[in-house]
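**Student:**
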Amino acid sequence: MQIKRPVAIFLATKAFTWLTFILITFMLYIFRARAIPFGSMLADSLECWDSGHYRAIIEHGYDLSWRMVFFPLYPLAVKAMTFLIKDTLWAGVAVSNSCLLAAIVYFYNLVDKNYGKKIASMSVMLFMCAPTALFYITSYTESMFFMLTIMGFYYINEKNWLAAVFFGMLSAATRNAGILIMIPFVVGYYGAYKDFKKEFYKLALYLLAIFSGLAAYMFYSKHIHNDYIAFLHGQSQWYKGGRISFIPFLAYLKSLKNFTVELQLKVTDTRVNMSFIYMTVTLLLLYFGRKLLKLNEAAYAFFIVLFFSIINSSESIARYLSAVYPLWVLFALWIAKQKKEKLVFGIVLAYMMTWQAYMNFRWVMNFWVN
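When the letters of the sequence shown are read in order and numbered with this note's numbering, they come out as residues 25 to 394.
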């Protein structure tokens with residue numbers, strides 16, 4: 025397994041993310057006449073939106089049923105980290121960044137084995153320079169979910185079924201979408217055996233083990249709130265009309281009327297532009313590049329995008345899609361096919377890093393990052 029190259033990319037790109045975030049926070053600190061200590065302001069800037077809910081779960085447990093929407097593996101990992109780092113926020117930051125580093129190492133090696141070193145480097149750099157990068161260094165589940173998904177795929181490719189099941193089970197305990205790792209698992213397992221019928225019972229047991237990550241959480245939910253699917257019912261706290269629309273891409277189509285294209289010289293609380301762009305690019309990549317991916321990657325990308333498309337809001341779609349690693353591979357493969365590949369790659373990176381800096385600015389200003 026190669027370590028140096030992915031770690032070097034990680035350090036270079038994360039330096040940009042952290043430096044822009046700290047610089048923007050420092051500018052706000054100066055602008056507010058140093059009314060709050062800089063360290064406190066930096067911590068406040070990091071702990072926005074869902075981060076506060078994870079802190080509440082870590083410190084008080086699932087005392088409110090609607091907080092069951094936040095799956096348990098990440099809070100448990102942060103709780104464990106508090107034995108080393110006492111402050112919950114910084115413990116969460118440590119867990120997220122550690123998971124991200126591990127994810128990048130596995131991501132690079134996975135793509136390298138399937139598509140070569142150039143595509144591996146390009147895929148990792150595109151992912152790390154994306155506008156959604158901030159979600160992977162703060163107290164959000166993105167880094168952990170991405171890491172577990174990548175590890176699951178890596179061991180599926182290696183035909184190490186027990187390891188793939190283990191990481192798939194953990195993925196299902198991190199987000200409900202984690203159970204979709206079963207799709208590439210089935211594809212990979214089917215392709216590994218000529219006489220698949222003899223292996224069917226083992227496959228059923230493996231899939232049951234993956235699902236147990238979600239099932240355990242459902243039983244826990246029943247125990248404390250008398251509701252197996254409190255994590256679904258709790259979504260009504262955020263979305264008018266509930267979490268699921270059951271009409272694919274309905275929220276995406278609705279966002280067309282809210283999409284703004286004018287250059288705004290002031291920061292506003294518009295929420296849908298980035299998700300609309302992410303979903304549009306995703307659909308284009310999947311349609312035109314579907315044959316470029318391995319079958320298990322293409323199947324996973326298709327079904328997880330379909331899964332996200334039935335969410336009754338487009339507010340968080342960008343960060344959800346950012347964790348679908350085959351999309352970054354597709355993006356890299358498309359760029360590699362261009363005549364002026366290096367120029368196109370440079371322009372794309374410059375655009376995404378500029379956009380990332382603006383998203384960091386919005387985050388520090390306590391606006392929704394979208």
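Don't be surprised by glycine CBs; every beta carbon is placed ideally from N, CA and C.
Since we're looking at a predicted model, the values are computed, not measured.
Would residue 302 be called buried (16 or more neighbouring beta carbons within 10 Å of its own) or exposed?
**Tutor:** It counts as buried.
**Student:** Quick one: which unbroken alpha helix (DSSP H) runs of 4-plus residues sit fully inside the stretch 154 to 242? Chain order, please.
**Tutor:** Entirely contained in the stretch 154 to 242, the alpha helix (DSSP H) runs reaching 4 residues are, in chain order, 166 to 181, 185 to 196, 206 to 216.
**Student:** If you follow the alpha helix (DSSP H) that residue 150 is part of, which residue opens it and which one closes it?
**Tutor:** Element bounds for residue 150: 141 to 152.
**Student:** Got a sec? Which residues, its chain only, sit under 8 Å from residue 258 by beta carbon, not counting five neighbours each side?
**Tutor:** Within the same chain, residue 258 has close Cβ partners 89, 90, 91, 92, 93.
**Student:** With 16 other CB atoms within 10 Å as the buried threshold, where does residue 224 fall?
**Tutor:** Exposed: under 16 other Cβ atoms inside 10 Å.
**Student:** Specify the secondary structure class of residue 291 as computed by DSSP and reduced to three states.
**Tutor:** The predicted position of residue 291 is uncertain, since its pLDDT is 48 and thus under 50; a value taken from the coordinates is nonetheless stated next. Looking at residue 291 - three-state DSSP - the assignment turns out to be coil, as it is neither helix nor strand.
**Student:** Counting C-beta neighbours from all protein chains within 10 Å, is the total for residue 25 16 or more, i.e. buried, or is it exposed?
**Tutor:** Residue 25 should be labelled exposed.
**Student:** Please name the residue in 183, 237, 128 whose C-alpha comes closest to that of residue 214.
**Tutor:** Checked all of 183, 237, 128; the closest Cα to residue 214 is 183.
**Student:** In or out: residue 164 buried (at least 16 other Cβ within 10 Å) or exposed?
**Tutor:** Buried is the call here.
**Student:** Do the stretch 202 to 219 and the stretch 233 to 251 meet, that is, are 3 or more Cβ pairs less than 8 Å apart?
**Tutor:** Yes: the two stretches touch, three or more of their Cβ pairs being nearer than 8 Å.
**Student:** Just reading off the alpha helix (DSSP H) that residue 63 is part of, what are its end residues?
**Tutor:** Run containing residue 63: 62 to 70, per the alpha helix (DSSP H) assignment.
**Student:** Is DSSP giving residue 78 helix, strand or coil here?
**Tutor:** Three-state DSSP puts residue 78 in a helix.
**Student:** Note down the Cα distance separating residue 292 from residue 390, rounded to an integer number of angstroms.
**Tutor:** For residue 292, the predicted model reports a pLDDT of 49, less than 50, meaning its position is unreliable; a value from the coordinates is still stated below. If you take the alpha carbons of residue 292 and residue 390, they lie about 11 Å apart.
**Student:** Kindly indicate which residue of 310, 358, 373, 122 has the alpha-carbon position closest to the one of residue 143.
**Tutor:** Among 310, 358, 373, 122, the Cα nearest to that of residue 143 belongs to 358.
**Student:** Starting from the C-beta of residue 318, find all residues in its chain whose C-beta is less than 7 Å away, skip the five residues before and the five after it, and write them out in chain order.
**Tutor:** Answer for residue 318: 138, listed in chain order.
**Student:** Comparing C-alpha positions only, which one of 231, 114, 218 sits nearest to residue 209?
**Tutor:** Residue 209 has its Cα closest to that of 231, out of 231, 114, 218.
**Student:** Flag this pair as yes or no: are the beta carbons of residue 167 and residue 178 separated by less than 8 Å?
**Tutor:** No. Outside cutoff.
**Student:** Could you tell me if residue 375 is buried or exposed, where buried requires 16 or more neighbouring beta carbons within 10 angstroms of its beta carbon?
**Tutor:** Residue 375 should be labelled exposed.
**Student:** Per DSSP, what kind of secondary structure is residue 300 in: helix, strand or coil?
**Tutor:** Helix, per DSSP.
**Student:** Which residue comes first and which comes last in the alpha helix (DSSP H) that contains residue 97?
**Tutor:** Per DSSP, residue 97 belongs to the alpha helix (DSSP H) from 97 to 105.
**Student:** How many Å lie between residue 385 and residue 221 at the Cα?
**Tutor:** For residue 385 and residue 221, the distance between alpha carbons rounds to 55 Å.
**Student:** For the alpha helix (DSSP H) containing residue 38, list its first residue and its last residue.
**Tutor:** Counting along the chain, the alpha helix (DSSP H) containing residue 38 begins and ends at 28 to 55.
**Student:** Nearest-angstrom Cα distance between residue 188 and residue 130?
**Tutor:** When rounded, the distance between both Cα atoms is 13 Å.
**Student:** How big is the Cα-Cα spacing for residue 109 and residue 115?
**Tutor:** Each residue's Cα considered, the two are about 5 Å apart.
**Student:** State whether the stretch 320 to 339 contacts the stretch 363 to 381, with contact taken as three or more CB pairs (one from each stretch) at a distance under 8 Å.
**Tutor:** Too few Cβ pairs lie closer than 8 Å, so no.
**Student:** Compute the Euclidean distance between the alpha carbons of residue 34 and residue 243, then round it to the nearest angstrom.
**Tutor:** Distance between the alpha carbons of residue 34 and residue 243 is about 38 Å.
**Student:** Let me check understanding here. Comparing Cα to Cα, which of 75, 64, 87, 74 lies closest to residue 248?
**Tutor:** If we check each option's Cα against that of residue 248, 87 comes out closest.
**Student:** Taking just the CA atoms, how far does residue 272 sit from residue 329?
**Tutor:** Near 10 Å, if we compare the C-alpha coordinates of residue 272 and residue 329.
**Student:** By Cβ distance below 6 Å, which residues in the same chain neighbour residue 175 in space, the five residues on each side in sequence not counted?
**Tutor:** Cβ neighbours of residue 175 beyond the five flanking positions: 130, 191.
**Student:** Could you give the DSSP three-state label for residue 116: helix, strand or coil?
**Tutor:** Helix.
**Student:** So is residue 197 buried or exposed if we call it buried at 16+ other beta carbons inside 10 Å?
**Tutor:** By the neighbour-count rule (16 or more Cβ atoms within 10 Å), residue 197 is buried.
**Student:** Put residue 136 into one of helix, strand or coil per three-state DSSP.
**Tutor:** Note: residue 136 maps to helix in three-state DSSP.
**Student:** Using the rule of at least 16 other Cβ atoms within 10 Å of the residue's Cβ for burial, across every protein chain shown, is residue 104 buried or exposed?
**Tutor:** It counts as exposed.
**Student:** Reducing DSSP to helix, strand and coil, say where residue 390 ends up.
**Tutor:** Note: residue 390 maps to coil in three-state DSSP.
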